[in-house]
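Read top to bottom, the protein sequences are chains A and B.
Each residue of the first sequence is one higher than the last, beginning at 29 in this note's numbering.
Each residue of the second sequence is one higher than the last, beginning at 10 in this note's numbering.
Beta carbons: idealized from backbone N, C-alpha and C, even for Gly.
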Amino acid sequence: MDKVNLGVDFAGVKMKNPITVASGTFGSGMEYSEYTDLNLLGAVTTKGVSRVPWEGNPTPRVTETYGGMLNAIGLQNPGTDIFKERDIPFLQQFDTNIIVNVCGHSKEEYLEAVEALNDEPVDMFEINISCPNVKEGGITFGTVPEKIFEVTESIKKISKKPIIMKLTPNVTDIKETAKAAEAGGADALSLINTLTGMKIDVDRRKFALANKTGGLSGPAIMPVAVRMVYEVSHTVNIPVLGMGGVRNYRDALEFIMAGATMVAVGTYNFIKQDATCDIVKGLEEYLIKNNISDINELIGCVD
Amino acid sequence: MANKKVCGEITALNKLTNDIFDMTFKFPDSYSAAKEAIPGQFASLYLNDETKLLPRPISICEVLGESNSLRFVFRVVGEGTKLLSEMKVGDCFYVLAPLGNGYKDIRKGVNVLLGGGVGIPPMLELAKKINDPENTYVYLGFRSDETFLYDDFTKYANVILASDDGSIGYHGNVLQALKRDVSEKGLEPDTLYACGPIPMLKGIKEFAHEKNIKAYVSMEERMACGIGACLGCVCKTTEKDHHSHVNNTRVCADGPVFDADYIDI
């Protein structure tokens, strides 16, 4: 077999392959375009954007942990005006889909941001209801099923694009939050956002991060992410974008076999700037080698 | 897409003091990073141990174009730099370089370079690039008489030493030493270039402002991606930054060298 299909349908959006990047690890692709070919990606998922610019948190914002890292960036971003003027036109130059990650401190702010982006040439919105590093909004929406339902329903009502609700793993049962998002009208789900963690610098006898807590990401969290993707994709009837610690095509395959239709590379972009391209290539070679004509055959195949 | 992290080789590794190491890293012939680097830029050093995932940002001490190498002089501050210090000549690892803006604007006249501790190494390539030993003054601040790179600097500049404990050179910090020379020896700097701890940079910024001297400072911050995407390593600015339009600029991509007036320290 020398011709295989890597294309997937993600909530009605045709992706040339199942690989994208995790929001916040890739900017809007501008910096990475020097190191990797954005045309090879199924989609670029942008860093979270809010209606108005956000300052983010004090530094230190990042610290390394065993096999991973903690971050508490706090969603610093230029707001939708600059984003529309600079980032979207930049991404339009490439033959890839655009998923815009949207953040807010309140339901109203999410709605304002979606409204501001509604008529832009982008393919989907990913709604960040799971950032652990902002005091209002973010995770405060993402842990309570009733709130998730409410914010999803409100956004769905006004959104002109399919919406992906991004779920936090910092809950007792992610199936419950997934169901709430589905009931609210979500077109797809993405998971997992980072796990809330803490690191203490024993030499300085201080928290390693100015924010005290941060979101844990990187290879260390992958088994948790795979388990949650498996649980969620077997609970809801909408497609799942899986992420959490992916380093290579074999990691991506774990997510796909667990039930993810798409997979995002996050922290590992920092280690290998063109990791996504290697993964796309690796998936193709895997299919050829195993005589599988279509990647869709592997989605959720480990039942 | 010419940029890529590449695997190169350690061709020299020496211990300069108790915790300062001097490494020469040779790039493959196909990679021109070493030749393109300018003073004040840095490199991301990737350890051969993915439990220590993130690259270590290390300033470029010297650009050795002829041997296609970069010289890194670094302090052991944690497990990552400790691993680097324990490597051997001939060992290979990945490096992404050069990164950051560097000292693009080297000015004529009396240039004064100030380095504190591990802020000293990047000043060497700068002194070399200025290439005007008579009008270049380098202030090197150490904790004690455990100095490093002193001989290297004497080739390119007038070198003034300062130590916190007074065991060598001026008893005090580099800024106090500079102030002494300005008031007692009639030194008239046209431009200051500084790298070191925040209190030192803060003092230099204030001094430069007071004397109406142009000053550049090189900032340090915890980094993750190293290329301007993650917004992990920002520092406060006095004006809106061009990337996020807030008052936080990216040290790795927009710096690490900034006009002192632009930085809120």
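May I ask which residues mark the beginning and end of the beta strand (DSSP E) holding residue i?
i	result
A:Tyr60	No beta strand (DSSP E) contains A:Tyr60, which DSSP labels as neither H nor E.
B:Arg2	Given a span of 10 to 274 for chain B in the structure shown, any question on residue 2 of chain B remains unanswerable.
B:Thr33	29-35
B:Glu71	71-73
B:Tyr202	200-204
A:Thr73	71-73
A:Thr268	Note that residue 268 of chain A is Val in the sequence shown here, rather than Thr. A:Val268 -> beta strand (DSSP E) spans 268-271.
A:Phe17	Lying outside 29 to 331, the shown extent of chain A, residue 17 of chain A is not represented and no answer is given.
B:Tyr225	223-227
B:Thr163	Counting along the chain, B:Thr163 falls outside any beta strand (DSSP E), though it belongs to the alpha helix (DSSP H) covering 159-163.
A:Val264	Segment: none, A:Val264 is in no beta strand (DSSP E) and carries neither H nor E.
B:Ala171	167-172
B:Ala21	15-24
A:Lys42	41-43
Less than 8 Å separating the beta-carbons of residue i and residue j?
i	j	result
B:Arg80	B:Glu88	no
A:Ile130	A:Gly57	For the sequence presented, residue 130 of chain A should be read as Val rather than Ile. Not a contact, by the Cβ cut-off of 8 Å.
A:Lys44	A:Gly70	yes
B:Val104	B:Asn144	no
B:Ala171	B:Ala203	no
A:Asn33	A:Asp322	yes
B:Met209	B:Val260	no
B:Pro131	B:Gly49	yes
A:Glu154	A:Ser245	no
A:Ile220	A:Met271	yes
B:Leu108	B:Tyr148	no
B:Ile169	B:Thr200	no
A:Lys188	A:Asn146	yes
B:Thr26	B:Glu155	yes
B:Arg231	A:Arg89	yes
B:Thr246	B:Asp268	no
A:Asn198	A:Thr224	yes
A:Ile183	A:Leu139	yes
A:Glu259	A:Ile202	yes
B:Phe30	B:Ser78	no
B:Leu4	B:Phe151	Beyond the ends of chain B as shown, which are 10 and 274, falls residue 4 of chain B; an answer cannot be given.
Going by other Cβ atoms of all chains shown within 10 Å of its Cβ, with 16 needed for buried, is residue i buried or exposed?
i	result
A:Ile284	buried
A:Thr200	exposed
A:Thr304	buried
B:Met10	Unreliable placement is indicated for B:Met10, whose pLDDT of 46 sits below 50; no coordinate value is reported for it.
A:Lys240	exposed
B:Pro252	In the sequence on display, residue 252 of chain B carries His and not Pro. Answer is buried; the Cβ neighbour count reaches 16.
A:Asn318	exposed
A:Glu325	exposed
A:Asn308	Asn is not the amino acid found at residue 308 of chain A; the sequence shown has Val there. It is buried - the Cβ of A:Val308 has at least 16 other Cβ atoms within 10 Å.
B:Val86	exposed
A:Gln301	buried
A:Ile186	exposed
B:Cys16	exposed
A:Pro81	buried
A:Ile327	buried
B:Arg116	exposed
A:Val41	buried
B:Ala21	exposed
Starting from residue i, trace the alpha helix (DSSP H) in both directions and tell me its first and last residue.
i	result
A:Lys207	202-211
B:Cys261	260-263
B:Asp58	Per DSSP, B:Asp58 belongs to no alpha helix (DSSP H) and is neither H nor E.
B:Leu93	88-94
B:Gly212	207-220
A:Asp306	303-317
Can you give me, in chain order, the residues of the stretch 82-107 of chain A that have a beta carbon less than 8 Å from any beta carbon in chain B?
Within the stretch 82-107 of chain A, the qualifying residues are Trp82, Glu83, Gly84, Thr87, Pro88, Arg89, Val90, Thr91, Glu92, Tyr94, Gly95, Gly96, Met97, Asn99, Ile101, Gln104, Asn105, Pro106, Gly107.
Any C-beta of chain A within less than 8 Å: which residues of the stretch 49-71 of chain B qualify?
For chain A, the residues of the stretch 49-71 of chain B that bring a beta carbon within less than 8 Å of one of its beta carbons are Tyr55, Glu59, Thr60, Lys61, Leu62, Leu63, Pro64, in chain order.
Suppose only complete runs of 4+ residues qualify. What are the alpha helix (DSSP H) ranges in the stretch 170-246 of chain A, listed by chain order?
Qualifying alpha helix (DSSP H) stretches, in chain order: 173-186, 202-211.
Taking only runs that begin and end inside the stretch 99-153 of chain B, name each unbroken alpha helix (DSSP H) of 4 or more residues, in chain order.
Qualifying alpha helix (DSSP H) stretches, in chain order: 130-139.
Along the stretch 232-251 of chain B, where does the CB come closer than 8 Å to a CB of chain A? Name the residues.
For the stretch 232-251 of chain B, which is checked against every Cβ of chain A, the residues closer than 8 Å are Met232, Ala233, Cys234, Gly235, Ile236, Gly237, Ala238, Cys239, Leu240, Gly241, Cys242, Val243, Cys244.
Can you give, in chain order, each stretch of the alpha helix (DSSP H) that sits fully within the stretch 77-136 of chain A and has at least 4 residues?
Listed in chain order, they are 107-110, 116-120.
To be precise: take each residue of the stretch 106-137 of chain A, compare its Cβ to all Cβ atoms of chain B, and keep it if any distance is under 8 Å. Which residues remain?
So the close ones are Pro106, Gly107, Ile110.
Taking a Cβ distance cut-off of 9 Å, strictly less, list which residues of the stretch 295-316 of chain A are near chain B, in chain order.
Residues passing the 9 Å Cβ filter: Thr295, Tyr296, Asn297, Phe298, Ile299, Lys300, Gln301, Asp302.
Which residues, taken in chain order from the stretch 93-118 of chain B, show a beta carbon closer than 8 Å to some beta carbon of chain A?
Within the stretch 93-118 of chain B, the residues whose Cβ lies closer than 8 Å to some Cβ of chain A are Leu105, listed in chain order.
In chain order, which alpha helix (DSSP H) runs of at least 4 residues are fully inside the stretch 271-300 of chain A?
Within the stretch 271-300 of chain A, the runs of alpha helix (DSSP H) at least 4 residues long that lie entirely inside it are, in chain order, 277-286, 296-299.
Check distances from the C-beta atoms of the stretch 231-261 of chain A to those of chain B and list, in chain order, the residues that come in under 8 Å.
Interface annotation for the stretch 231-261 of chain A against chain B: Gly246, Pro247, criterion Cβ-Cβ distance under 8 Å.
Residues of the stretch 253-273 of chain B in Cβ contact with chain A at a cutoff of 8 Å, in chain order, please.
Flagged, chain order: Ser253, His254, Val255, Asn256, Asn257, Ala262.
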